[in-house]
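Engineer: So that we are looking at the same thing, I have put the structure below in structure tokens.
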Amino acid sequence: MDGCAEGRVIPGVQDQLQREGQRAGGETNNLSPSLKLGAVVENYTPSKQVEHSQGSSHGMLPLEHWNGITKVAALVTTIDDIYDEYGSLDELKLFTKAIKRDKSTTIYEMGYNALISQGENIMPILQNVWGDLCEVFLVEKKWTHNKYMPTLEEYLENAWISVSGVVFLTHGYLFTNQEIKKDERVSLAECHHLLKWSSMTFRLCNDLATSLDETERGKTVNAITCYMHDTGLCEEVACGYIKVLIDEAW
1 MDGCAEGRVI
11 PGVQDQLQRE
21 GQRAGGETNN
31 LSPSLKLGAV
41 VENYTPSKQV
51 EHSQGSSHGM
61 LPLEHWNGIT
71 KVAALVTTID
81 DIYDEYGSLD
91 ELKLFTKAIK
101 RDKSTTIYEM
111 GYNALISQGE
121 NIMPILQNVW
131 GDLCEVFLVE
141 KKWTHNKYMP
151 TLEEYLENAW
161 ISVSGVVFLT
171 HGYLFTNQEI
181 KKDERVSLAE
191 CHHLLKWSSM
201 TFRLCNDLAT
211 SLDETERGKT
221 VNAITCYMHD
231 TGLCEEVACG
241 YIKVLIDEAW
């Protein structure tokens with residue numbers, strides 16, 4: 001187990017994780033009780049998987065960077081839950097417009113830190129990735145509302161964005177405190193192929209692993225079901241085809 005030796009946590013790591021967990025809980029104080037626990041538990045633990053050798057002991061990112069990643073993870077899950085479970089279609093249309101035009105305090109803070117430290121205004125990039133995420137969440141809500149089954153091509157063109165990989169990769173790049181170069185800003189703004197195809201791999205692997213659980217929860221649109229609907233083939237064949245797409249995307 002990472003961070004452990006003979007069943008013991010490496011000195012200093014446990015204290016850091018506890019501080020980060022407390023901070024993560026604080027970031028969700030404004031959420032409703034039904035969302036609060038899930039936002040911390042679902043996203044705080046996965047955010048620990050990223051490691052970086054600079055700026056902290058034991059190969060871990062500095063505390064402020066973990067806090068930033070945890071904020072992003074909590075926001076993604078909370079917004080996803082709003083689209084999946086809590087909002088009507090009309091409400092979510094208004095919500096999407098509000099997100100696209102709003103200068104969120106949290107997003108502004110992340111962009112402002114980069115502006116102060118490097119003199120680069122990356123706010124438009126952050127606003128775009130969050131706005132794009134909400135747009136594709138809304139498309140998926142419309143599919144569910146209308147009981148529409150998209151083609152696999154149509155689904156993937158939307159789903160590689162809705163898996164939120166671009167949001168995480170964009171923020172993750174900024175949190176490493178690297179010098180933000182002009183050509184890299186352009187790549188971030190235009191969703192460079194590296195962002196797209198890593199996100200596509202993420203989406204296909206996610207659908208392959210969660211298709212059964214999501215179908216049981218009423219979410220019937222995923223890469224496997226779309227391919228089955230397109231071709232009339234069985235689930236086993238569909239899963240095999242998705243594995244081929246994963247290899248190609250990778």
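Heads up: the sequence shown at position 204 corresponds to 204 in the UniProt record's numbering, and the numbers run straight through without jumps.
Even glycine gets a Cβ: it sits at the ideal position worked out from N, Cα and C.
All values derive from a computational prediction rather than experimental measurement.
#1: Who are the Cβ neighbours of cysteine 226 in its own chain at under 7 angstroms, not counting the five residues just before and after it?
#2: My assumption, with CB atoms under 8 angstroms, is that leucine 208 sits in contact with cysteine 239. Please give the rounded CB distance.
#3: Does the Cβ of lysine 71 have 16 or more other Cβ atoms within 10 Å, making it buried, or fewer, making it exposed?
#4: Could you give the DSSP three-state label for cysteine 239: helix, strand or coil?
#5: Thinking C-beta only, is asparagine 206 closer than 8 angstroms to valine 139?
#6: Counting Cβ pairs, one atom from each stretch, are 3 or more of them under 8 angstroms apart for the stretch 126–141 and the stretch 90–101?
#7: Just the C-alpha distance for methionine 123 and serine 199, rounded to the nearest angstrom, thanks.
#8: For leucine 169 and valine 186, what's the separation of their Cα atoms in angstroms?
#9: Count the other CB atoms, across all protein chains shown, that sit within 10 Å of the CB of threonine 78; report buried if there are 16 or more and exposed otherwise.
#10: Could you give the distance in angstroms between the alpha-carbon of lysine 196 and the alpha-carbon of aspartate 213?
#11: Using a Cβ-Cβ cut-off of 8 angstroms (strictly less than) and excluding sequence neighbours within five positions of histidine 192, which residues of its own chain qualify?
#12: Can you grab the Cα-Cα spacing for the pair lysine 142 / glutamate 91, in whole Å?
#13: Using 10 angstroms around the beta-carbon of arginine 101, count the other beta-carbons present and answer buried if the total reaches 16, otherwise exposed.
#14: Could you tell me the alpha carbon to alpha carbon distance between glycine 131 and arginine 203, rounded to whole angstroms?
#15: With a threshold of 8 angstroms between beta-carbons, can glutamate 214 be considered close to chain C, or not?
#16: What does the alpha-carbon distance come out to for the pair isoleucine 224 and valine 129?
#17: Along the chain, which unbroken stretches of the alpha helix (DSSP H) at least 4 residues long are found entirely within the stretch 127–175?
#18: How many whole angstroms separate the CB atoms of isoleucine 246 and threonine 201, which I take to be in contact at a CB cut-off of 8 angstroms?
#19: Tell me which residues share the same chain as asparagine 43 and place their Cβ nearer than 6 angstroms to its Cβ, disregarding the 5 neighbours each side in the sequence.
Structural biologist: The answer reads as follows:
#1: Cβ contact annotation for cysteine 226 (same chain, cutoff 7 angstroms, sequence separation greater than five): Met149, Pro150, Thr151, Leu152, Tyr155, in chain order.
#2: Leucine 208 to cysteine 239, Cβ: 6 angstroms. Contact.
#3: By the neighbour-count rule (16 or more Cβ atoms within 10 Å), lysine 71 is buried.
#4: Of the three classes helix, strand and coil, the one that applies to cysteine 239 here is helix, per DSSP.
#5: Contact: no.
#6: Below 8 angstroms, enough C-beta pairs join the stretch 126–141 and the stretch 90–101 to call them touching: three or more.
#7: One C-alpha to the other measures close to 22 angstroms.
#8: Separation of leucine 169 and valine 186 (C-alpha to C-alpha, rounded to the nearest whole angstrom) is 14 angstroms.
#9: So threonine 78 ends up on the buried side.
#10: In a straight line, the C-alpha of lysine 196 is about 26 angstroms away from that of aspartate 213.
#11: Cβ within range, chain order: n/a, list empty.
#12: The straight-line gap from Cα to Cα measures roughly 12 angstroms.
#13: The residue is exposed, with fewer than 16 neighbouring Cβ atoms inside 10 Å.
#14: Glycine 131 and arginine 203 have their alpha carbons spaced roughly 19 angstroms apart.
#15: You won't find chain C in this structure, because it holds only one protein chain.
#16: The alpha-carbon atoms of isoleucine 224 and valine 129 are separated by roughly 26 angstroms.
#17: Those alpha helix (DSSP H) runs which fall completely within the stretch 127–175 and span 4+ residues are 152–162, 165–175.
#18: Your pair isoleucine 246 and threonine 201 checks out as a contact, with CB atoms roughly 6 angstroms apart and the cut at 8 angstroms.
#19: Caution is warranted here: a pLDDT of 46 is assigned to asparagine 43, below 50, making its placement in the model unreliable, and no coordinate value can be reported.
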